[in-house]
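Read the structure below first, then the notes.
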Amino acid sequence: MSRMLPYPLLAASLLAMWVLLNGLSAGHVVLGTAIAVAASHVMLALEPAKPRIRRWYLLPKLVAIVLADIWRSNIAVARLILRRDQSKRPSGFIVVPLELRNRTGLVILAVILTSTPGTAWVEYDSTRSTVLLHIFDLVDETYWIDLIKNRYEHLLLEILE
Amino acid sequence: MMQADQLPVWAALLASALVLLGAGFTVIGAIGLARLQTFYERLHAPTLGTTWGAGGILLGSIVYFTVAQSRPVVHEVLIAAFLTVTTPVSLMLIARAALYRDRAERNPLVPPDDASQETDA
Chain A
52 MSRMLPYPLL AASLLAMWVL LNGLSAGHVV LGTAIAVAAS HVMLALEPAK
102 PRIRRWYLLP KLVAIVLADI WRSNIAVARL ILRRDQSKRP SGFIVVPLEL
152 RNRTGLVILA VILTSTPGTA WVEYDSTRST VLLHIFDLVD ETYWIDLIKN
202 RYEHLLLEIL E
Chain L
706 MMQADQLPVW AALLASALVL LGAGFTVIGA IGLARLQTFY ERLHAPTLGT
756 TWGAGGILLG SIVYFTVAQS RPVVHEVLIA AFLTVTTPVS LMLIARAALY
806 RDRAERNPLV PPDDASQETD A
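Same order as they appear, the protein sequences are chains A and L. Basically the numbering used here = 1-based index in the first sequence + 51. Basically the numbering used here = 1-based index in the second sequence + 705.
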């Protein structure tokens, strides 16, 4: 199984993409499967670290939380942009210490934080395991650290470790 | 394939509401890009366009083409997926470039590089 399909998740995503682009038919499923399997063997040559997802059932929870947060912060940031007085809003940098060291986890966290308007991932320090973020509306620093650590990082740690 | 004027009212209303929502967020993001004062603040404005801006327009497209062609058309999710995974790459690239520039100029508004300070000491 692992020799046939070294990266099952990658192969499944490639097949899904093929079917979405070409329409669902038996022929395209066969062709898409062949391409997905061939592409995952090419990936072997690159030897990327293989992510191990331990608790699958928590993924939908993470996706739901992130989608809800993206919606809320879209509205919050839109409101702040349209506000007349721009000088009152404190924007600034914060440093968040992270327990998460897994590279896949860090990638997911970076995607979450950059795709949430209002937080921007600026720099990750791997020796100290901290991340420098820029926060659009930095009223309370502890609120943001708490949000990132308890809402996202905790769940990511549970899923991946 | 249905023409646009043959579309049921609910689908037309839903699709246009979603497209308007997406376009609205995108335009607010663009306004932010023009209005905000500092570079790091301006980083946040286009995220509106890449999240719900694009999301609303893509959902509207899914609704319209699914109803018009009477079969599920969902390949728009690929656009959303690729937007989501590629935005952080360009955002981090320009953010870190700005950070390096500001640190080199010793701009007091950006935090200094802690790691290099430690090795200096």
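For each residue, glycine too, the CB sits at the ideal point set by N, CA and C. If you're wondering where the values come from, they're calculated on a predicted model, not measured in any experiment.
For TRP122 of chain A, the enclosing alpha helix (DSSP H) stretches over residues 110–133. From the listed residues A:ASP176, A:GLY143 and A:ALA161, the smallest Cα separation to ASP191 of chain A is found for A:GLY143.
Straight across, the Cα-Cα distance linking GLN742 of chain L with LEU189 of chain A is about 15 angstroms. For ILE199 of chain A, there is no enclosing beta strand (DSSP E), as DSSP gives it neither H nor E.
Using a Cβ distance threshold of 8 angstroms, ILE145 of chain A and ALA750 of chain L do not count as a contacting pair.
In chain order, THR170 and TRP172 place their CB closer than 6 angstroms to the CB of LEU164 of chain A, counting only its own chain and leaving out the 5 sequence neighbours on each side. By the rule that beta-carbons nearer than 8 angstroms mark a contact, ARG808 of chain L does not touch chain A. The Cβ atoms of ALA802 of chain L and PHE744 of chain L do not sit closer than 8 angstroms to each other.
In terms of beta-carbon proximity, ILE733 of chain L lines the interface with chain A, with at least one pair separated by less than 8 angstroms. For VAL772 of chain L, no beta strand (DSSP E) segment is defined; the enclosing uninterrupted segment is the alpha helix (DSSP H) at 759–774. Classified as exposed, TYR108 of chain A has fewer than 16 neighbouring CB atoms from the shown chains inside 10 Å of its CB. Using a CB distance cut-off of 8 angstroms, SER142 of chain A counts as an interface residue toward chain L. Your pair ILE733 of chain L and ALA129 of chain A checks out as a contact, with CB atoms roughly 5 angstroms apart and the cut at 8 angstroms.
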